[in-house]
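A.B. asks:
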Amino acid sequence: MVEESLTNKVAIVTGARRGIGKAIALKLAREGAKVAVTDISKEDCEEVIKEIEKLGGEGLALKLDVTNEEEIGEVVKTTKEKFGRIDILVNNAGIIDIEEIGDSSKINKILEVNLKGVLKSCNAVIPTMVEQKYGKIVNISSIAAMVCWPKIPSYSATKGGIIGLTKCYAGYIGQHNININAIAPGPIETEMLDDLLKKLGMTREQVCQGTAKGRIGRPEDIANTVAFLASDESDYITGQVLAVDGGYTAK
Ligand code: NAP
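Numbering follows my numbering, in which position 38 of the sequence shown is assigned residue number 20; successive positions increment by one, without gaps.
(1) Do residue 140 and residue 97 have their C-beta atoms within less than 8 Å of each other?
(2) Tell me whether residue 230 sits in a helix, a strand or coil according to DSSP, three-state version.
(3) What are the boundary residues of the alpha helix (DSSP H) that includes residue 60?
(4) Skipping 5 residues on each side, what residues in its chain have a beta carbon closer than 6 Å to that of residue 4?
(5) Which whole-angstrom value is the C-beta distance of residue 122 and residue 161, which I expect to be below 8 Å?
(6) Residue range of the beta strand (DSSP E) that residue 167 falls in?
(7) Out of 62, 48, 52, state which residue places its alpha-carbon closest to the alpha-carbon of residue 42.
(8) Less than 7 Å between the CB of residue 23 and some heavy atom of the ligand PLP, yes or no?
(9) If you measure between the beta carbons of residue 71 and residue -6, is that distance less than 8 Å?
(10) Report the CB separation of residue 205 from residue -9 in whole angstroms; it is logged as a contact under 8 Å.
(11) At 3 residues or longer, what runs of the beta strand (DSSP E) sit wholly inside the region 127 to 210?
(12) Please determine if the region 160 to 176 and the region 123 to 133 are in contact, where contact requires at least 3 C-beta pairs separated by less than 8 Å.
(13) Starting from residue 93, trace the alpha helix (DSSP H) both ways and give me its first and last residue.
(14) Return the CA-CA distance between residue 59 and residue 112, expressed in angstroms with no decimal places.
(15) Where does residue 6 land, buried or exposed, given buried means 16+ other C-beta within 10 angstroms?
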């Protein structure tokens, strides 16, 4: 008999209308979780819910701009009203932009979404997890926090900030049976990577050569790791950052 690892669990995924977030939402649903699929555009989230329902799963499409604390509060409230609890939070929403040296015009926006959005979402969900004495938080960082990708200093800094936040919270929410970990994806085939490569004038071949595996990652590579970190199989792992990068940072 095949056993699903997340049966009866309830998850919230941010930035889940497309790309890595969508793959995470679908994987968690396949593993039996009920998933609040959230993003700036609710319409696209509804499309993801249709796919979840086709898999025989259950979910909820909700609008959530992670810079908006009121909306985060609403998502927590609505998810609890609908499904009774929140076991898993995946902070996936993120933005990237190119910055030349001397350009400080983009840092605030990137900081608001990539770092403050993660902190605010954690803060909104942790009290529920403390009450339940159970929770799994997975934050999506980036290998850009560990090695140089050119012309993305604010992005890299915010992704490094996520690692610090993850370790800080791990140290004192572990006692409430809450795990918090970060994943640092390498290059993953999504619209974000496509845009970035165009802006940097980089080819896919160059990116592939940077990895040990010789390929760009798939959103599912990240989703599978999220499912593991959201499950009880990883119960003794907390405060860690796991590079899922085809060996990019090892090479
Ligand atoms: P993506 O295709 O651009 O998806 C990101 C999603 O987040 C989009 O749907 C986007 O909506 C949404 N979003 C943006 N601002 C938001 C906000 N304020 N509130 C809620 N949602 C918001 O990117 P991806 O490649 O799947 O990336 C997902 C995560 O992985 C990001 O955190 C990214 O930094 C990280 N990552 C990606 C790669 C990669 O190679 N793809 C590598 C390392 C890390 P809009 O499209 O409307 O802006």
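Every residue, glycine too, gets a C-beta built ideally from N, C-alpha and C.
C.D. replies: In terms of the structure at hand:
(1) yes
(2) coil
(3) 51 to 65
(4) -2, 30
(5) Contact between residue 122 and residue 161 fails: their C-beta atoms lie close to 15 Å from each other, not under 8 Å.
(6) 160 to 167
(7) 62
(8) With respect to the ligand PLP, the structure offers nothing, as its ligand set consists of the ligand NAP.
(9) yes
(10) With 8 Å as the limit, residue 205 and residue -9 do not qualify as a contact, their Cβ atoms being about 15 Å apart.
(11) 160 to 167
(12) yes
(13) 89 to 93
(14) 16 Å
(15) buried
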